[in-house]
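Line by line, the protein sequences give chains C and R.
Here the first sequence is numbered in the working numbering, starting from 1 and rising by one per residue.
Here the second sequence is numbered in the working numbering, starting from 196 and rising by one per residue.
Ideal Cβ positions, reconstructed from N, Cα and C, are used throughout, including at glycine.
Quick notes on the structure that follows.
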Amino acid sequence: MGKLKLIAEGIIKNNPTFVLILGMCPTLGTTTSAINGMGMGLATLFVLVLSNITISAIAKLIPEQVRIPSYIVVIAAFVTIVQLLLQAFLPSLYETLGLFIPLIVVNCIVLGRAEAYANKNSVIDSAFDGLGVGLGFTIALTILGFVRELLGSGSIFGWKFIDGDGILAFVLAPGAFIVLAYLIVLFRKVTAKKA
Amino acid sequence: MAKESSFKNMVITLSVICLVCSALLGVVYSVTKAPIEAAELAKINNAIKAVVPECDNNPSEEMIEVEGSVVYPAKVNGNIVGYAIKVKVSGFGGPIQMMVGFKADGTIYNTSVISHSETPGLGAKITGEIPTRTQIVGKNPASSNLTVTKDGGEIDAITASTITSRAFLKGVDAAYKVFVELQKQQQPWEN
């Protein structure tokens, strides 16, 4: 399969947020602004690519019955690395994402790709699969954060263009559900026409 | 595909994976330890700088502990010009860590919220330039009633965030108590 097609599949056909509806906890929790959504997406992308590469490389050496614990340990190691790096070099982003970074360990997208793709395919294909799905997740979270920030705070990527507040509900939890639902409908309508 | 599982190879595989991962984490931890500490120190220093008058010492190096709270004295030529007192109170969505700055005479110089988990757009306004924060500047908690108007005080709460505003003022009050205690310790002859 072409590498570009692998990436495109992760973004469109297998989009984790809009099609598979996976990883909802960080999706709804961190997307209060476009930057936060993008930061969370990129952190997950990083973990996803590295864990896919590692797991596809060692999959043949791992006995069937302990494969899930092994994958989780590998994923947890990468997540902790991301956490330490963010804390050291991007402390402000680390503060806003806070608890959601360690929670990448239990993000079903990461384990899902390890189990469904990486342990059956070559290292390079797995890397591109991780990149595609990670980009799909990042794009989805950025759009979601962008819409919520636009309506809720009246700003774009932190640049405020109105005085005062926006529609506060969109920054709070209910807004996350409302915007996500409309985006899923929109995404499916657009992709259904193409197919 | 994956190998057949036997007791031996399962134990060996998991041990090796854990060992390699811990080693990797150890390396990353030692590399990032210094920058993480520096980032945290910078945060504290910025908060101190924001809440005390201009000073020529390094308050974070002269920190003292009073009643379980951390106090950073600000000095000019060795004379105390103010104190930054770090306190923690529970807000609406979780703990609020804040720094309250007093001048040497006990009037509030400024405040700074270090970390909080208040509702975005409502309680989270506590970090901005809002009446709740600006109204207490220059006041002395000994002679002013620093509670929200709803509780009979003289400070305006943030609209729709009374609990956050109350928590904030409680933090100021707690810091003032530490300040009073500090004065007692330093001038025992006056009591």
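*Going along chain R, which residues have a C-beta under 7 angstroms from Phe-89 (chain C)?*
Pro-230
_Helix, strand or coil at Val-206 (chain R) according to DSSP, with G and I counted as helix_ = helix
*Does DSSP classify Thr-32 (chain C) as helix, strand or coil?*
coil
*Same chain, Cβ closer than 7 angstroms to Val-49 (chain C), neighbours up to 5 away in sequence not counted*: Ala-127, Gly-130, Leu-131 and Gly-134
*Could you give the DSSP three-state label for Phe-297 (chain R): helix, strand or coil?*
strand
*Inter-residue spacing [alpha-carbon to alpha-carbon] between Ser-155 (chain C) and Gly-145 (chain C)*: 11 angstroms
*What residues are listed by DSSP as bridge partners for Thr-138 (chain C)?*
DSSP, once it has assigned bridges, lists no residue as partnering Thr-138 (chain C).
*Using only alpha-carbon positions, find the residue among R:Asn-272, R:Met-294, R:Gly-286 and R:Ala-269 that is nearest to Ile-280 (chain R).*
R:Met-294
_Interface residues of chain R facing Ser-56 (chain C) [CB-CB closer than 9 angstroms]_ = In chain order: nothing, as chain R lies at least about 12 angstroms away.
*Could you tell me which chain R residues have their CB closer than 8 angstroms to the CB of Pro-63 (chain C), listed as they occur along the chain?*
Ala-197, Lys-198, Glu-199, Ser-200, Ser-201, Asn-204, Met-205 and Thr-208
_Could you check if Pro-268 (chain R) belongs to the surroundings of the ligand GTP, using beta carbon to heavy atom distance under 7 angstroms?_
Questions concerning the ligand GTP fall outside what the structure shown contains, since it holds no ligand whatsoever.
*Give a yes or no on whether 8 angstroms exceeds the smallest Cβ distance from Ser-310 (chain R) to chain C.*
yes
*What residues of chain R sit near Ala-114 (chain C), judged by a beta carbon separation below 7 angstroms?*
Residues of chain R passing the Cβ test: none, with the nearest at roughly 12 angstroms.
*Along chain C, in chain order, which residues have C-beta atoms closer than 8 angstroms to that of Thr-322 (chain R)?*
Here the premise fails: no neighbours, minimum Cβ distance about 12 angstroms.
*Beta carbon proximity, Ile-81 (chain C) to chain R, threshold 8 angstroms*: yes
*When burial is assigned at 16 or more other CB atoms within 10 Å of the CB, is Thr-208 (chain R) buried or exposed?*
buried
_Given this structure, state the Cα-to-Cα distance separating Pro-26 (chain C) from Phe-157 (chain C), to the nearest angstrom._
19 angstroms
*Opposing strand residues paired with Asn-272 (chain R) [DSSP bridges]*: Answer is none; Asn-272 (chain R) lacks a bridge partner.
*Does DSSP classify Gly-148 (chain R) as helix, strand or coil?*
For chain R, the structure presents residues 196 to 386; residue 148 (chain R) sits outside this window and is missing.
*Using a beta-carbon distance below 8 angstroms, is Ala-352 (chain R) in contact with chain C?*
no
_Do Ile-353 (chain R) and Gly-318 (chain R) have their beta-carbon atoms positioned less than 8 angstroms apart in this structure?_
yes
_So, for Asp-300 (chain R): in the same chain, excluding its five sequence neighbours on each side, which residues have a beta-carbon less than 8 angstroms away from its beta-carbon?_
Asn-335
*If we count the other Cβ atoms within 10 Å of its Cβ and call it buried at 16 or more, is Val-206 (chain R) buried or exposed?*
exposed
*Can you tell me the Cβ-Cβ gap for Ser-56 (chain C) and Ala-118 (chain C), rounded? I've got them flagged as a contact below 8 angstroms.*
4 angstroms
*Thinking C-beta only, is Pro-63 (chain C) closer than 8 angstroms to Phe-137 (chain C)?*
no
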